[in-house]
Every structure is written in structure tokens, then in C-alpha cells.
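Trainee: Read in order, the letters of the sequence shown correspond to residues -14 to 495 in this note's numbering. Positions of the beta carbon are idealized from the N, C-alpha and C atoms, including for glycine. Have a look at this one.
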Amino acid sequence: MRHERIAILDFGSPYTHILTRRLRDLGALALVYPPDVKQEEILGIDLKGIILSGGAGTVYDPNSHCFDKCLLDIKVPILGICYGMQLITKHSNAKISGETKHEYRKTPCQIVDADSLLFRGIKAEQSVWMSHGTHLDTLPEGYTVSAKNAECAFVAIENQSQSRFGLQFHPEVAHTQEGNAILQNFLQICQMSLDWNVASFIEEKIEVLKNQIGQKETVVLGLSGGVDSSVSALLLQKAVGKRLTCVYVDTGLMRKDEMRHVQQAFAPFDLSVKWVDASNEFLGGLAGITDPEQKRKTIGRIFIEVFEREAKATKAKFLGQGTIYPDVIESVGITGSVLVKSHHNVGGLPERMNMELVEPLRELFKDEVRRVGLALGLPEDMVWRHPFPGPGLGVRIPGAITKERIGLLQEADAIFIEELKNSGWYKLTSQAFVALLPVQTVGISGDERTYENMCALRAIQTEDFMTADWVHLPHELLERCSQRIVSEVKGINRVVFDITSKPPATIEYE
Ligand code: XMP
């Protein structure tokens, strides 16, 4: 069973994610595809409409995206936004001119066609978030103008008999007053049922997983205690019950009492979990390593070794993974970026172990994953946990990692998080933690001179973790954390607060 969907072809618009979200919030499952997707990859009875996103440049640019123009022949409604409108009209032989550089501005717009399907029920005068740069010079054959303004004669065009629509502005951006109504009209033109929500997602996904995995095969999943792997585990369990085995690897680099916490959270679910204590293996492998990249690579390698060993023992055919939609979109992405840190992930595992992948959350954004988790009964504190990196405390202890240093950090971190929760600031920050710095400083305790460790408190707020601001925590809260850490954690005598945003710093220390 598959759900009706709208395919969005991403030509690099900065608003593609917003567009996807808007459509989903209206009850329509929208999925993003790369610009060069082939007709057969998106076609299907569940395809109800196509949106060609905006994007930089013009369709006449020699470097413009490859695009399979057969897509324009698919018999579903098509909406082209900015660059997408140019694409539709280029293939109808209209003339386009202007600059490659786009400038966006809030602009008045006047609806001039009372019979327009896209503007049905929408007031004639409104403001829109318009792209200025490239524009249509002539109206393509078969099209009528449905909106214009003083600067542009073709702000919106439509060809009702072919169900083709073009907009020079972005309906998905909040500055466009009637944007949601326009999108809703498009969905109605597509005859979408608008019944996509968390409950329908769960019901359908269980069916899909049952079909994919079959009646007999087994699945193994790495459970980290993070929200993505936890929700994946619960969905898979609903689909295959005891044929799912989860593997929890205790790297010894976890937060204080982490494994106990995860065990308690899953106790009511009767999930089969292999709790693997590999802390000695990790500590041994990390001994003497101080270079950040070498640490990350070592942790990643040992993790794969341990996980592979445990997973192979289950003889499972399928490997479950908590991949979520932003990961998928990132891999579709058009631009490359510099490697700052090698992320610890198990991306290569399925091929290496010759396993088939099952990714129950592939279509979901993070907040949708959280809603699914809540609907499946995952406790609130698991659903709203801050993210924790794969290499764990290993990237929060610059310099050599020892059992003693991990212990110090776990204690200090637990105090900080407890204080954040007690003061209500935990929910107001995207991620918060303590890092143990590789410096010792002089202090005084009673009459005694001390020469001990220094730690840093870090609290950040972010939308996407690509950039982040430090959070202005109240001084009284910081003072309480500092006093408690210094008095309760033997071995730390100084606490500092990190006031660096990302960029230039990264969120983690290594
Ligand atoms: P940075 O330090 O790169 O972190 O600004 C951005 C976000 O990613 C998390 N992070 C990781 N997550 N494996 C993960 O699963 C990793 O190796 C890893 N390194 C960083 C980090 O906690 C932050 O949320």
C-alpha cells in the first residue's frame, strides 16, 4: 500500500524544504526528487501532481540542470515555480529573458482572471514573495495570464486544459499572503485526498514493512537510544514482532547511566535487545590517541567491528536504519561541502555485510519522527532528548581519553543537564553538554591548593545544526551549575561557559 503523493523536483531552490513541509501540513505527502530524475522513477498510480521548484540561474544557462522533458508529458497537474515556470514555458516555445542572478522581494500582485483555478477564492490584490531576475517575455501557446503587476506582465499563468500552472513567485514562503490557499487549490486540482498524517503514516508503514520483510525473515537494528533509532525499532517491532533484534553497543563513551535509562524506557515494549558492553574494546583502541580525526575513525571502526559481530550472530537478512528525510535530501543535494569531521556512521554496513536495508523513517522530518514516537508510546523524555553524537563523549574530551576523564565528564554533564531540566531551559535549547578540557588550572578548596581540570558548558540553539547560536543562559543558572560541578565532582576546579556560535566553532569540540 502506498500513499498518494506530490513529487517535487528540486532545482536548488532555497525554499524546497519549506514547500515540502507546507504540503505535508496540508495533509499531502510530498517527496523531493533530484532534477534529473527519470520519468519511470516517479511515475505510479499514487503520483497525483508534480511541482518544479525554483532555482538559481535560467533555463538557457549552459550549466542549467539536466531535466528529462518527458516528465512534462505525464498526465498529472504540474506547477512550475520561478525556474520551474521557465522550464514549462521553454518547452512550449515561450521567450524568456533576464539575469542569471535572482533577487527576492515582497511585491504586490493582482489577480486578473476570475476563472483561475489556482487563485480560486483568493482576493484580487495581495503581496507575494517574488523572484526578480528572469521573466517571461511572451505567453506560451495555450496559456492565459492569471496574475500580473506593474513590473511583470506574467506573474502567474495557467493552461487549464493541460493542467499546467506557472508562478513567478513562491507560494510556500510566509511573505506570500495567500500562499497556503494557492497550494491548497493546487492540491485540489490534483485531487489529493489530503489524509496524510501521523496515524495514517504508522498504519501504512507497518503494512509496507510487513511486505518488504516477509513472513519469515529477521531484522537487526542498532539501537542508540536516540529518537530516530528508537522510533524505527518500535515501528519494526509492530511489523515483525520478535523477528526484530536490536543491538545496543555500550561504547563506554555514553552519558551517565545512559544504558540504564534506555533499558527503562524500553522496558514496557518487550523489545528484544542485545545489550553489548564493549567499553574495554573502545578504551583499549583509543589509548594514547589525541588527534580528533584519528579518534573519530577509531571509534567508527570499532563500532562497526562490534556491531557487525553481533549482527552476524543474529543471521538477519535485513538491517534496520533510522535514516530520516533530511539525510535523504542531503544525499540528493546539488552542492558539495568541505569535510570538517568524518561522521561516525554505519553507512557502508549493508553492502559490507550483504544485507538489505529497511529504513522506516526515510520520508519523515525530525518533528514528524517525534510525533510518530509519541503516538507509539515512546516516553516524552526520549522523544525530546537532545541529539548525541555517534562517537559520544569521545569528541568532548580533547586530548587523551581515559576511564577517569570519562567519569569526570559524565558527572559534570549530568549536573548541567539536571539543572537545565529543573529550570525549564532544556527544552529551550537544541543541544547542551559539558566538555572536559585538556588543561589543569590552580584553585583553592578549603585551605588546600588544587591543581585540577577545567570543563566548559555548551548550550546552543539551532534549526538545522548546520549553523547554531550559543544560548544566553541566565547568570544564576550558570552560577548554580558551576558551584555544583566544582563541589560535587572531585577533579574539576574550574567551569567556563562557551560563548561561540557555529560557525566559526562547531557544536562538538572535535
Ligand atoms: P558539529 O560538531 O559538526 O555537530 O557542529 C553538528 C551536529 O552533529 C552531531 N554530530 C554527530 N552525530 N555522528 C553523529 O551521529 C557523529 O559523528 C557526529 N558528530 C557530530 C553533533 O552532536 C551536533 O548535533
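Helix, strand or coil, according to DSSP, for Met70 in the structure here?
Mentor: In this structure, Met70 counts as helix in the three-state DSSP scheme.
Trainee: Does the beta-carbon of Val424, which I'm using as the reference point, lie nearer than 7 angstroms to any heavy atom of the ligand XMP?
Mentor: Not so, every heavy atom of the ligand XMP lies at least 7 angstroms from the Cβ.
Trainee: For Gly210, count the other beta carbons within 10 Å of its own beta carbon; 16 or more makes it buried, fewer makes it exposed. Which is it?
Mentor: Buried.
Trainee: Let's see if you can read the secondary structure: which residues bound the alpha helix (DSSP H) around Lys300?
Mentor: Note, Lys300: premise wrong, no alpha helix (DSSP H); not H, not E.
Trainee: Return yes when at least one heavy atom of the ligand XMP lies under 7 angstroms from the C-beta of Phe450, else no.
Mentor: Checking the Cβ of Phe450 against the ligand XMP gives yes.
Trainee: Hey, is the region 345 to 355 in contact with the region 264 to 281, meaning 3+ C-beta pairs nearer than 8 angstroms?
Mentor: With the cut-off at 8 angstroms, the region 345 to 355 and the region 264 to 281 do not touch.
Trainee: Closer than 7 angstroms: is that where the CB of Gln395 sits relative to any heavy atom of the ligand XMP?
Mentor: Not so, every heavy atom of the ligand XMP lies at least 7 angstroms from the Cβ.
Trainee: Closer than 7 angstroms: is that where the CB of Thr283 sits relative to any heavy atom of the ligand XMP?
Mentor: Answer for Thr283: no, Cβ out of range of the ligand XMP.
Trainee: Relative to the C-alpha of Thr299, which residue among Pro383, Glu126, Met340 and Ala99 is closest?
Mentor: The candidate whose alpha carbon is nearest that of Thr299 is Met340.
Trainee: Measuring alpha carbon to alpha carbon, tell me which of Val225, Glu495 and Leu64 ends up nearest Gln147.
Mentor: Residue Leu64 is the option with its Cα nearest to Gln147.
Trainee: Should Val343 and Leu194 be called a contact, given that it needs their Cβ atoms to be closer than 8 angstroms?
Mentor: Yes. Within cutoff.
Trainee: What three-state label does DSSP hand Lys23 in the structure shown?
Mentor: In this structure, Lys23 counts as coil in the three-state DSSP scheme.
Trainee: Compare the Cα-Cα distances from Pro93 to each of Ser112, Asp100 and Arg149 and report the closest residue.
Mentor: When each option's Cα is compared against that of Pro93, the closest is Ser112.
Trainee: Indicate whether Val61 and Cys175 have their beta-carbon atoms separated by less than 8 angstroms.
Mentor: For Val61 and Cys175, yes; Cβs fall inside 8 angstroms.
Trainee: Tell me the rounded alpha-carbon separation between Ala99 and Arg105.
Mentor: When rounded, the distance between both Cα atoms is 8 angstroms.
Trainee: So the candidates are Ile96, Cys231 and Leu405; which of them puts its Cα closest to the Cα of Glu143?
Mentor: Per the Cα distances, Ile96.
Trainee: Start and end of the alpha helix (DSSP H) containing Gln249?
Mentor: Gln249 -> alpha helix (DSSP H) spans Glu243 to Phe251.
Trainee: Could you tell me if Cys466 is buried or exposed, where buried requires 16 or more neighbouring beta carbons within 10 angstroms of its beta carbon?
Mentor: Buried is the call here.
Trainee: Determine the burial state of Ala159: buried for a count of at least 16 other Cβ atoms within 10 Å of its Cβ, exposed for fewer.
Mentor: Looking at its Cβ environment, which holds fewer than 16 other Cβ atoms inside 10 Å, Ala159 is exposed.
Trainee: If you draw a straight line from the C-alpha of Ser(-2) to the C-alpha of Leu442, how long is it?
Mentor: Near 37 angstroms, if we compare the C-alpha coordinates of Leu442 and Ser(-2).
Trainee: Nearest to Ile35 by alpha carbon, out of Tyr45, Gln249 and Leu4?
Mentor: Nearest of Tyr45, Gln249 and Leu4 to Ile35, Cα basis: Leu4.
Trainee: Unbroken alpha helix (DSSP H) runs of length 4 or more, entirely within the region 138 to 178: which are they?
Mentor: Complete alpha helix (DSSP H) runs here, min 4: 164 to 174.
Trainee: Is there at least one non-hydrogen atom of the ligand XMP closer than 7 angstroms to the beta-carbon of Lys280?
Mentor: Incorrect: Lys280 has no Cβ contact closer than 7 angstroms to the ligand XMP.
Trainee: How about Phe(-4) and Tyr68: do their beta carbons lie closer than 8 angstroms?
Mentor: Their beta carbons are under 8 angstroms apart, which means Phe(-4) touches Tyr68 by this criterion.
Trainee: With the cut-off set at 8 angstroms, would you say Val474 and Glu396 are in Cβ contact?
Mentor: It is a contact, given that the beta carbons lie within the stated cut-off.
Trainee: Heavy atom of the ligand XMP less than 7 angstroms from the Cβ of Ile198, yes or no?
Mentor: The answer is no for Ile198.
Trainee: Excluding the 5 residues preceding and the 5 following Ala385 in the sequence, name in chain order all residues of the same chain whose CB lies nearer than 7 angstroms to its CB.
Mentor: Only Gly273 and Thr275 meet the Cβ criterion.
Trainee: Do Pro372 and the ligand XMP come close, with the Cβ less than 7 angstroms from some heavy atom?
Mentor: True, at least one ligand heavy atom lies under 7 angstroms from that Cβ.
Trainee: Given the structure, does Gly207 come close to the ligand XMP, in the sense that its CB is under 7 angstroms from one of the ligand's heavy atoms?
Mentor: Not under cutoff, so the answer is no.
Trainee: Tell me which residue opens and which closes the beta strand (DSSP E) that Pro423 is part of.
Mentor: Gln416 to Ser430 is the span of the beta strand (DSSP E), which, as asked, contains Pro423.
Trainee: Assuming the contact rule is C-beta atoms closer than 8 angstroms, Met177 and Ala(-8) should be a hit. Round their C-beta distance to whole Å, please.
Mentor: Actually they do not touch by this definition, with Cβ atoms about 12 angstroms apart.
Trainee: Taking 8 angstroms as the limit between beta carbons, can you name the residues of its chain near Ile484, skipping five residues before and five after?
Mentor: So the qualifying residues of the chain are Trp455.
Trainee: With DSSP as the reference, label Arg105 as helix, strand or coil.
Mentor: Of the three classes helix, strand and coil, the one that applies to Arg105 here is coil, per DSSP.
Trainee: Buried or exposed: Val260, going by 16 or more other Cβ atoms within 10 Å of its Cβ?
Mentor: At residue 260 the sequence reads Trp, which differs from the Val that was named. Per the 10 Å Cβ criterion, exposed.
Trainee: Residues in the same chain with beta-carbon distance under 6 angstroms from Ser430, minus the five sequence neighbours each way, listed in chain order, please.
Mentor: Within the same chain, Ser430 has no close Cβ partners at all.
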